[in-house]
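First the structure, in the form of structure tokens, and then the observations on it.
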DNA sequence: GCATTGACGAAGG
DNA sequence: CCCTTCGCCAATG
């Protein structure tokens, strides 16, 4: 990422993060909860979780939460979460780049070239499955 | 305290 | 159709 100081972040852009009022206290815990609900052999995308939570405009935060997920008490199945292309973007964060693929394959998810083959078929959308 | 980054996503050129 | 840029929000340097 080059990011040559394109626009500089505007000072004071701190908006009240209205995250699922009444759900979890932390935005992260909400993400963990949803991630843990992902059935075995199924995968979802960061955007799907973000949309379910309500922060679809900030799918990045979901990925960020996943980063902290590694330190969560029950390990969050972050390996079932991929980007909208079905690509295992966060495989480098599992300690080993092969671990994520291995885990997915173990659950019956076919991974080819760092990408979930039948991603569309096994895609698990919390907004649909859970029907908030 | 400001600048940069980050496991994304959608839109524009 | 591929690549670049912007947006969002939080954390880190």
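Residue numbers (the numbering used here): 337 to 468.
C-beta: ideal position from N, C-alpha, C; glycine also.
Residues sharing a beta bridge with residue 380, DSSP: For the purposes of this step, residue 380 is taken as residue 44 along the first chain, with counting starting at 1. Partner(s): 417.
Whole-Å CB distance - residue 412 paired with residue 382, under 8 Å assumed: Along the first chain, one-based indexing puts residue 412 at 76. Along the first chain, one-based indexing puts residue 382 at 46. No, residue 412 and residue 382 are not in contact; Cβ-Cβ is about 13 Å, not under 8 Å.
Proximal residues to residue 401 (C-beta, below 6 Å), its chain only, five neighbours per side dropped: Counted from its first residue, the first chain places residue 401 at position 65. For residue 401, the CB contacts under 6 Å within the same chain, skipping 5 residues up- and downstream, are 364 and 367 in chain order.
Beta-carbon contacts of residue 450 that lie in its chain and below 8 Å, excluding the five residues immediately before and after: As a working mapping, residue 450 is identified with position 114 in the first chain. Residues 423, 424, 427 and 437 of the same chain have their beta carbon placed closer than 8 Å to that of residue 450, with the five preceding and five following residues left out of the count.
Cα-Cα separation, residue 470 to residue 448: This structure does not reach residue 470, given that the chain is present from 337 up to 468, and the question cannot be answered.
Helix, strand or coil at residue 459 according to DSSP, with G and I counted as helix: Along the first chain, one-based indexing puts residue 459 at 123. Here residue 459 sits in strand by DSSP.
Distance CB(residue 417)-CB(residue 388) smaller than 9 Å: Within the first chain, residue 417 is the residue found at index 81, counting from 1. Within the first chain, residue 388 is the residue found at index 52, counting from 1. No, the pair does not count as a contact, with Cβ atoms beyond the cut-off.
Outcome for residue 444 when other beta-carbon atoms lying within 10 angstroms are tallied against a minimum of 16: For the purposes of this step, residue 444 is identified with residue 108 of the first chain, where counting begins at 1. Classification of residue 444: exposed, given that the 10 Å Cβ count is below 16.
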